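Colleague: Residue numbers (this note's numbering), protein chains in the order written: chain A, 1 to 279; chain B, 280 to 589.
Just so you know, even glycine gets a beta-carbon here, dropped at the ideal spot from N, CA and C.
A quick note: this is a predicted structure, and the numbers were derived from the prediction, not measured.
Quick one: this structure, given as structure tokens, is what I'll be asking you about.
Have a look at this one:
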């Protein structure tokens, strides 16, 4: 039954895609007006109105970009011409480092403030002030103090992915069922065992939710950060192609960003499922 | 007082003031003792502080005054010497049934090998009739089975004393019956010392050697100690053929419905010594049980409506 539903949904999705692509195709058809035909084609080309030129790239052209880039994703022809695979790998590398650093800080600190209402109160004003700051607003400070665009990018990922994880970890730890804690207490379980065998598994679904949100934000931010700092990465690729006015490539990159983001989210969704328990 | 295995002296609990208004003590002047191998039930209306008393004995809560001694030592903080079965079973849902029991066993005997732990746990799980379900997750079990795991977990650490907080409260009558039978069998075999909260008069008579009756809170006290004088080899199916059964049952119901609220105030103190609450044997003495005659006439029909057959 649900298989049938999935099939139907997939069919409708494909139909929507087809309609969208068709509309796009029709909208970007070169229009040959009578006036244009009459005038000198060279002049028209000069004015940017010729038959060759089209404002927005047609889907076929974008498709061509897809084929071209996906056929050879890992070539490297100098700083401004690298395959999409290499660019994405750079971005993912930065995200991974920044994200893991954030995990390394957010989990222990979140654990600590989740266990202690006093620390929670003490940390809360800082968290509330720092949380809403746009990650990119940190960029000038990071660039000035770290003096390295690569590290600054990582720092921005770190600073933006830390808050959801910190808050969710603290919340998850603080709201572990009283009964489970009491069981551990009556069994005289030592603090380390209690932390890893009772509190961590109990809070894991909440913590993973925080991680999933963080990862989503990190992937959003890396594109913007790379546009600013340049050099490598999918964000830089978008910016570079925009400077080249190669819109088909930009569209291609935008779609790739979406797909990679989706894969990351699916991965964390899968992790979340692994640690979720049924009561 | 160290002659008894467990003795509770002068226990009192006052919750901290709410919005600056001081709270009345939930209970005070609680004195009782339990001997080794005894099964003691405590019965009383909601709000008389039964669970707080149990939590104090478990070391999970602190009394405002008074102390409890077990085996000659003061009860201070939780201990592996006292196993607790929680009302809500409190199993860790991410561990299997075996894992839950093994967690407890490993806490008690950290240097046991994995096989020894598993073998030990399996034995206790078989004892509660769950040998077939040891690898299941708690979520796959029925309420009764979960509570059995909780019982197996508490027994598996072989505590000196077992504390049960209304363990069958959330179960349907049929399941409750079977588990009561199992508990009865295990306790008869192991001579475990047990302190149990219950709301169920029949359950108390079936299981207990001694039933503590608590008066209503605030200022709740131990009103009476009822000795269940029927032979220890009771069964759920045979117990109601014993003539003592109804005498005890009537006495308990009568207390809960009519007398439980008459122990507060100065007038009751003239008749009632909380330090040495009267021990009664309604099964043998029948109607000779002491009754607070002065105030017993007060509760009228309206009071009867409140509590019918707790």
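With a CB to CB cut of under 8 Å and the five nearest residues on each side skipped, what residues in its chain are close to residue 295 of chain B?
Modeller: Position 16 of the second chain, counted from the first residue, corresponds to residue 295 of chain B. Hits under 8 Å: 302.
Colleague: Hey, residue 349 of chain A and residue 215 of chain A: beta-carbon distance below 8 Å or not?
Modeller: This structure leaves residue 349 of chain A out entirely; chain A is present only between 1 and 279.
Colleague: Look up residue 112 of chain A in the DSSP assignment and say whether it is helix, strand or coil.
Modeller: Position 112 of the first chain, counted from the first residue, corresponds to residue 112 of chain A. In the structure shown, residue 112 of chain A sits in a helix (DSSP, three-state: H, G or I).
Colleague: Excluding the 5 residues flanking residue 131 of chain A on each side, which residues of the same chain have their C-beta closer than 7 Å to its C-beta?
Modeller: Looking up residue 131 of chain A in the first chain gives position 131. Closer than 7 Å at the Cβ level, and outside the excluded window around residue 131 of chain A, lie 163.
Colleague: What residue range is occupied by the uninterrupted alpha helix (DSSP H) comprising residue 253 of chain A?
Modeller: For the purposes of this step, residue 253 of chain A is taken as residue 253 along the first chain, with counting starting at 1. Residues 247-275.
Colleague: If we ignore side chains and look at the alpha-carbon of each, how far apart do residue 102 of chain A and residue 161 of chain A end up?
Modeller: For the purposes of this step, residue 102 of chain A is identified with residue 102 of the first chain, where counting begins at 1. For the purposes of this step, residue 161 of chain A is identified with residue 161 of the first chain, where counting begins at 1. C-alpha separation (whole angstroms): 6 Å.
Colleague: If the criterion is Cβ atoms closer than 8 Å, does the pair residue 484 of chain B and residue 436 of chain B meet it?
Modeller: Taking the second chain and counting its residues from 1, one reaches residue 484 of chain B at position 205. Taking the second chain and counting its residues from 1, one reaches residue 436 of chain B at position 157. Taking 8 Å as the Cβ cut-off, residue 484 of chain B and residue 436 of chain B do not qualify as a contacting pair.
Colleague: Measure the alpha-carbon distance for residue 352 of chain B versus residue 344 of chain B and round it to whole angstroms.
Modeller: Reading the second chain from its first residue, position 73 is the one you call residue 352 of chain B. Reading the second chain from its first residue, position 65 is the one you call residue 344 of chain B. Between residue 352 of chain B and residue 344 of chain B, the C-alpha separation is close to 17 Å.
Colleague: Counting only Cβ-Cβ distances shorter than 9 Å, please list the residues of the stretch 201-222 of chain A near chain B, keeping chain order.
Modeller: The residues in question are 201, 202 and 204.
Colleague: Which residues in chain A sit within 9 Å of residue 550 of chain B, going by Cβ to Cβ distance?
Modeller: In the second chain, residue 550 of chain B corresponds to position 271, counting from 1. By Cβ distance, chain A contributes nothing, its closest Cβ being about 38 Å from residue 550 of chain B, past 9 Å.
Colleague: With a cut-off of 8 Å, does the C-beta of residue 365 of chain B fall near any C-beta of chain A?
Modeller: For this step, residue 365 of chain B is matched to residue 86 along the second chain. So, interface residue.
Colleague: Mark residue 154 of chain A as exposed unless 16 or more other C-beta atoms lie within 10 angstroms of its C-beta, in which case mark it buried.
Modeller: Here residue 154 of chain A corresponds to residue number 154 of the first chain, with the count starting at 1. Buried is the call here.
Colleague: Flag residue 245 of chain A as yes if its beta-carbon sits less than 8 Å from any beta-carbon of chain B, otherwise no.
Modeller: Counted from its first residue, the first chain places residue 245 of chain A at position 245. No, residue 245 of chain A lies away from the interface with chain B (no Cβ there is under 8 Å from its Cβ).
Colleague: Report yes or no: do three or more beta-carbon pairs, one from the stretch 112-124 of chain A and one from the stretch 169-180 of chain A, lie closer than 8 Å?
Modeller: Judged by Cβ distances under 8 Å, the stretch 112-124 of chain A makes contact with the stretch 169-180 of chain A, as three or more pairs qualify.
Colleague: Quick check: what's the CA-CA separation for residue 289 of chain B versus residue 305 of chain B?
Modeller: Translated into the one-based positions of the second chain, residue 289 of chain B becomes position 10. Translated into the one-based positions of the second chain, residue 305 of chain B becomes position 26. The alpha-carbon atoms of residue 289 of chain B and residue 305 of chain B are separated by roughly 13 Å.
Colleague: Got a sec: which bits of the stretch 505-524 of chain B sit with their beta carbon under 9 Å from any beta carbon on chain A, in order along the chain?
Modeller: From the stretch 505-524 of chain B, no residue has a Cβ closer than 9 Å to chain A.
Colleague: Please determine, among B/525, B/416, B/426 and B/520, the residue with the shortest C-alpha to C-alpha distance to residue 455 of chain B.
Modeller: What you label residue 455 of chain B is simply residue 176 of the second chain in a count that begins at 1. Residue 455 of chain B has its Cα closest to that of B/426, out of B/525, B/416, B/426 and B/520.
Colleague: Quick one: Cα of residue 218 of chain A to Cα of residue 95 of chain A, how far?
Modeller: Against the first chain, residue 218 of chain A aligns to sequence position 218. Against the first chain, residue 95 of chain A aligns to sequence position 95. If I take the Cα positions, the gap works out to 6 Å.
Colleague: May I ask you to verify whether the stretch 368-380 of chain B touches the stretch 394-403 of chain B, counting CB pairs closer than 8 Å and requiring at least 3?
Modeller: Flag = yes, the stretch 368-380 of chain B and the stretch 394-403 of chain B touch.
Colleague: Does the distance from the CB of residue 592 of chain B to the CB of residue 440 of chain B come in under 8 Å?
Modeller: Any property of residue 592 of chain B remains undetermined from this structure, which presents chain B solely from 280 to 589.
Colleague: Go ahead and label residue 129 of chain A buried or exposed: buried means 16 or more other beta carbons lie within 10 angstroms of its beta carbon, across all protein chains shown.
Modeller: Locating residue 129 of chain A in the first chain gives position 129, where the first residue counts as 1. When all chains shown are included, residue 129 of chain A counts as exposed.
Colleague: For a quick check, are the C-beta atoms of residue 231 of chain B and residue 370 of chain B less than 8 Å apart?
Modeller: Absent from the structure is residue 231 of chain B, since the part of chain B shown begins at 280 and ends at 589.
Colleague: Under three-state DSSP, which class holds residue 444 of chain B?
Modeller: To locate residue 444 of chain B, count along the second chain from 1; it is residue 165. Correct three-state label for residue 444 of chain B: strand.
Colleague: Decide if residue 34 of chain A is buried, meaning its Cβ has at least 16 other Cβ atoms within 10 Å, or exposed.
Modeller: Translated into positions along the first chain, residue 34 of chain A becomes position 34. For residue 34 of chain A, the pLDDT reaches just 49, beneath the cut-off of 50, and the residue's location in the model is therefore unreliable, leaving the point undetermined.
Colleague: Which one of B/464, B/391 and B/499 has the shortest CA to CA distance from residue 332 of chain B?
Modeller: Position 53 of the second chain, counted from the first residue, corresponds to residue 332 of chain B. Closest by alpha carbon: B/499.
Colleague: Listed from N- to C-terminal order along the chain, which residues in the stretch 173-187 of chain A have their beta-carbon within a distance smaller than 7 Å of any beta-carbon of chain B?
Modeller: Listed by position, the residues of the stretch 173-187 of chain A near chain B (Cβ gap below 7 Å) are 179, 180, 182, 183, 185, 186 and 187.
Colleague: Output the residue ranges of the alpha helix (DSSP H) runs that lie fully inside the stretch 500-558 of chain B and measure 4 residues or longer, sorted by chain position.
Modeller: Runs of the alpha helix (DSSP H) inside the stretch 500-558 of chain B: 522-533 and 545-550.
Colleague: Going by DSSP, name the residue or residues bridged to residue 103 of chain A.
Modeller: Translated into positions along the first chain, residue 103 of chain A becomes position 103. Per DSSP, none; premise fails for residue 103 of chain A.
Colleague: Can you pull out the residues from the stretch 375-386 of chain B whose beta carbon lies closer than 8 Å to at least one beta carbon of chain A?
Modeller: Within the stretch 375-386 of chain B, the qualifying residues are 382, 383 and 386.
Colleague: Figure out for me which residue from A/209, A/224, A/278 and A/259 has the closest Cα to the Cα of residue 270 of chain A.
Modeller: For the purposes of this step, residue 270 of chain A is taken as the residue at position 270 of the first chain. Nearest of A/209, A/224, A/278 and A/259 to residue 270 of chain A, Cα basis: A/209.
Colleague: Taking 8 Å as the cut-off, does the stretch 67-87 of chain A touch the stretch 257-265 of chain A (at least 3 CB pairs, one atom from each stretch)?
Modeller: Contact between the stretch 257-265 of chain A and the stretch 67-87 of chain A is absent, because fewer than three Cβ pairs lie under 8 Å.
Colleague: Report the rounded CA-to-CA distance for residue 205 of chain A versus residue 224 of chain A, giving the unit in angstroms.
Modeller: Position 205 of the first chain, counting from 1, holds the residue named residue 205 of chain A. Position 224 of the first chain, counting from 1, holds the residue named residue 224 of chain A. Approximately 29 Å between the Cα atoms of the pair.
Colleague: Which residues in the same chain have their Cβ closer than 7 Å to the Cβ of residue 575 of chain B, if we skip the five residues on either side of it in sequence?
Modeller: As a working mapping, residue 575 of chain B is identified with position 296 in the second chain. Because the pLDDT at residue 575 of chain B is just 42, under 50, the model does not fix this residue reliably, and the value given afterwards should be weighed accordingly. Result list for residue 575 of chain B: 537, 538 and 541, in chain order.
Colleague: Beta carbon of residue 433 of chain B, beta carbon of residue 424 of chain B: below 8 Å?
Modeller: In the second chain, the residue the question calls residue 433 of chain B occupies position 154. In the second chain, the residue the question calls residue 424 of chain B occupies position 145. No, these two residues do not count as a Cβ contact at 8 Å.
Colleague: Using a 10 Å radius around the Cβ and a threshold of 16 neighbouring Cβ atoms, would you call residue 15 of chain A buried or exposed?
Modeller: Translated into the one-based positions of the first chain, residue 15 of chain A becomes position 15. With fewer than 16 Cβ atoms within 10 Å of its Cβ, residue 15 of chain A is classed as exposed.
Colleague: Where DSSP assigns a beta bridge to residue 362 of chain B, which residues make up the other side?
Modeller: Within the second chain, residue 362 of chain B is the residue found at index 83, counting from 1. B/441.
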